[in-house]
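Working notes for the structure below.
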Amino acid sequence: MTIYTIGHSSRSLEELLEILGAWKIELLVDVRSLPGSRKFPQFNRESLEAALPEKGVEYLHLKGLGGLRKKLVETSLNQAWENTAFRNYADYMQTEEFQEGLSALLAAAEVKRTAIMCAEAVPWRCHRQLISDAVVALRRVDVFHILTAAKGQDHKLTSFSKVQEGRVIYP
Numbered sequence: 026m027t028i029y030t031i032g033h034s035s036r037s038l039e040e041l042l043e044i045l046g047a048w049k050i051e052l053l054v055d056v057r058s059l060p061g062s063r064k065f066p067q068f069n070r071e072s073l074e075a076a077l078p079e080k081g082v083e084y085l086h087l088k089g090l091g092g093l094r095k096k097l098v099e100t101s102l103n104q105a106w107e108n109t110a111f112r113n114y115a116d117y118m119q120t121e122e123f124q125e126g127l128s129a130l131l132a133a134a135e136v137k138r139t140a141i142m143c144a145e146a147v148p149w150r151c152h153r154q155l156i157s158d159a160v161v162a163l164r165r166v167d168v169f170h171i172l173t174a175a176k177g178q179d180h181k182l183t184s185f186s187k188v189q190e191g192r193v194i195y196p
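Numbers 26 to 196, taken from the numbering used here, label the letters of the sequence shown in order.
This is the structure:
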């Protein structure tokens, strides 16, 4: 099993649908905390729920994997992240809510060819990188980052990631 990732970026809806078709994606899992975009309304939840089924793709919003997390703890286990947003998300990854979201993603991916989607074009600037670390390190599932209809790359674990007590941390 492989889980794919994609960022909608500033693409048109038609381009996103073409890319999903090229990679034979059957389920698009939205991992944005707020599944909408003022700047790119074609990627609002309602627009995606209407357009995706016409191309044979299901839509699922998994809020439990959403980004934009607030600081949860005073002393983080994830000090290697200089980026505060990534550090906060890594801290959130230690919660049951995240683990439940991860389990839901993996259960869905067992049934359908699945891609997780957020806004950022490249995974290394997005919390998809951290989700992918957890999928690969904890669940031993392959992750492939879709960049275009013809190009992508296998996920490489963040160099400073570690598995500790069944969780990914970035000490």
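Heads up, the beta-carbon is just placed ideally off N, CA and C, and yes, glycines get one too.
These figures come from a predicted structure and were not determined experimentally.
T109 counts as exposed, since fewer than 16 other C-beta atoms from the protein chains shown sit within 10 angstroms of its C-beta. Distance from the CA of R112 to the CA of E74, rounded to the nearest whole angstrom, comes to 31 Å. Of the residues R150, V160, Y114, the one whose Cα lies closest to the Cα of E135 is V160.
Following the DSSP letters along the chain, one finds L52 inside the beta strand (DSSP E) bounded by residues 52-55. For G126, the enclosing alpha helix (DSSP H) begins and ends at 121-136.
Distances from the CA of V56 to each of G92, K49, R36, S62 were compared; the closest alpha carbon is that of G92. In this structure T139 is buried. Its beta-carbon is surrounded by 16 or more other beta-carbon atoms within 10 angstroms.
For E83, same chain residues with a beta-carbon under 8 Å away, outside a window of 5 residues either side, are E51, L52, L53, L77, K137 in chain order. In the DSSP assignment, F111 falls within the alpha helix (DSSP H) that extends over 109-117.
DSSP, reduced to helix, strand and coil, places V188 within a strand of the structure shown. In this structure, the alpha-carbon of M142 lies about 15 Å from that of E39. The closest CA to that of K181, considering only A175, W106, V168, G191, is found on V168. Contact check for S58 and K88: beta-carbon distance about 7 Å, within the 8 Å limit, so the pair qualifies.
Rounded to the nearest angstrom, the gap between the Cα atoms of R150 and T30 is 13 Å.
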